[in-house]
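Structure record follows, encoded as structure tokens.
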Amino acid sequence: MSRLSRDLSRLSRTFTIFLAVVTVVSAFGGYQLYRLIYQMNDFSLQRADQLLEIEESLDRASIALGGQIQEWKDMLLRANDTDMYNRHRKAFMDSSVSVQDALINTKTAMQKFGMDTRIVDQLSDEHKSLVSSYMLAHARLDPRKIEFSHEVDKRVIGADRNLQQHLASVKSDIERLMQQQLSGAISEQAYRYWILGLLGAVSLLVMALAGFIFASRYYGQEIGAREHSPAT
Numbered sequence: 069m070s071r072l073s074r075d076l077s078r079l080s081r082t083f084t085i086f087l088a089v090v091t092v093v094s095a096f097g098g099y100q101l102y103r104l105i106y107q108m109n110d111f112s113l114q115r116a117d118q119l120l121e122i123e124e125s126l127d128r129a130s131i132a133l134g135g136q137i138q139e140w141k142d143m144l145l146r147a148n149d150t151d152m153y154n155r156h157r158k159a160f161m162d163s164s165v166s167v168q169d170a171l172i173n174t175k176t177a178m179q180k181f182g183m184d185t186r187i188v189d190q191l192s193d194e195h196k197s198l199v200s201s202y203m204l205a206h207a208r209l210d211p212r213k214i215e216f217s218h219e220v221d222k223r224v225i226g227a228d229r230n231l232q233q234h235l236a237s238v239k240s241d242i243e244r245l246m247q248q249q250l251s252g253a254i255s256e257q258a259y260r261y262w263i264l265g266l267l268g269a270v271s272l273l274v275m276a277l278a279g280f281i282f283a284s285r286y287y288g289q290e291i292g293a294r295e296h297s298p299a300t
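So that you can map any letter, position 159 of the sequence shown is 227 in my numbering, and since no number is skipped, the others follow by simple counting.
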């Protein structure tokens with residue numbers, strides 16, 4: 069019985085060490101996987117934020133363009149009122165600057181994302197061309213003859229339509245890319261949690277098998293000891 073006790077004690081220590089090692093390895097693996105999931109989630113959120121920044125910059129460009137178009141019409145309508153005319157003319161020029169600033173911000177945000185920015189350069193060139201068309205038409209404006217304002221406006225009617233449509237198209241592409249990014253992030257998240265769950269299940273299985281082996285050896289040694297013990 070003394071030998072059996074020593075064997076059981078040695079087996080118990082071995083199982084305890086094995087269990088501790090398995091627990092430490094499982095905990096370390098789980099921690100590393102958690103860090104990986106956290107880093108990847110943080111990266112996905114950063115990408116989504118960058119896309120949102122691009123979309124917001126395009127929104128600002130579109131709003132500023134709409135304001136510029138409206139200020140152009142108001143400027144022509146107030147051509148015979150010097151104060152109002154100057155006010156709308158200044159607002160028209162300020163809106164033009166706002167469009168360019170928004171496009172510059174869009175380009176910067178796209179560069180951070182690693183996207184090709186040639187499409188934004190096109191938008192910027194289209195807007196500069198539109199402003200030039202406005203200025204050429206404006207040169208024919210005679211504030212003393214208000215009826216000429218309609219003739220001036222006719223020279224640029226529809227000139228802004230292509231730029232507005234182009235802006236809307238680029239914005240739709242960014243929105244579609246954002247949806248794909250978010251959908252991909254959700255799928256990746258589900259996969260990572262599946263891996264984490266699998267790691268936990270494997271750890272439990274290993275510990276269960278270790279417990280079964282320990283119990284089997286203990287039971288086998290106890291039966292053997294009983295068979296070799298002298299009958300009472």
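All C-beta atoms in this analysis are idealised placements derived from N, C-alpha and C, irrespective of residue type, glycine included. Here the structure is a predicted model, which is why all the values come from computation and not from measurement.
Spatially closest choice to Glu121 from Lys141, Phe181, Gly226, by CA coordinates: It is Phe181 whose Cα lies nearest to the Cα of Glu121.
Between the CA atoms of Asp241 and Leu204 - distance to the nearest angstrom: Near 33 Å, if we compare the C-alpha coordinates of Asp241 and Leu204.
Cβ-Cβ separation, Met178 to Phe160 (assumed contact under 8 Å), whole Å: Not really, about 28 Å apart at Cβ, beyond 8 Å.
Which listed residue (Lys158, Val167, Asn148) has its alpha carbon closest to that of Leu133: Closest option to Leu133, Cα to Cα, is Val167.
Under 9 Å between C-beta atoms of Ser125 and Thr185: Taking a C-beta distance under 9 Å as the contact criterion, Ser125 and Thr185 do not qualify as a contact pair.
Within 9 Å, strictly: CB atoms of Arg223 and Ser201: It is a contact, given that the beta carbons lie within the stated cut-off.
Contact under 9 Å by Cβ, Arg208 with Val199: No, these two residues do not count as a Cβ contact at 9 Å.
Alpha helix (DSSP H) segment containing Arg157, residue limits: Residue range 150 to 181 is occupied by the alpha helix (DSSP H) that includes Arg157.
Distance, Val188 Cα to Val165 Cα: Whole-angstrom Cα-Cα distance: 15 Å.
Which listed residue (Leu119, Asp162, Gln114) has its alpha carbon closest to that of Met183: The shortest C-alpha separation from Met183 is found at Leu119.
For Arg146, the three-state DSSP class (helix, strand or coil): Secondary structure at Arg146: coil, using DSSP grouped into helix, strand and coil.
Inter-residue Cα distance where the pair is Asp228 and Ile137: Approximately 8 Å, taken between the alpha carbons.
Burial state of Arg146, where buried means 16 or more other Cβ atoms lie within 10 Å: Buried, since its Cβ has 16 or more Cβ neighbours within 10 Å.
Boundaries of the alpha helix (DSSP H) in which Val188 is found, first to last residue: Val188 -> alpha helix (DSSP H) spans 186 to 206.
Residue burial classification, Ile254 (beta-carbon count within 10 angstroms, cutoff 16): Note that Ile254 has pLDDT 49, beneath the 50 cutoff, so the model's placement of it is unreliable and no number is given.
Burial state of Arg115, where buried means 16 or more other Cβ atoms lie within 10 Å: Counting Cβ neighbours within 10 Å, Arg115 comes out buried, since at least 16 surround it.
Where Gly226 falls: helix, strand or coil (DSSP): In the three-state reduction of the DSSP assignment, Gly226 falls in the coil class, being assigned neither a helical nor a strand state.
Collapsed DSSP secondary structure at Leu119 in the structure displayed: It is helical.
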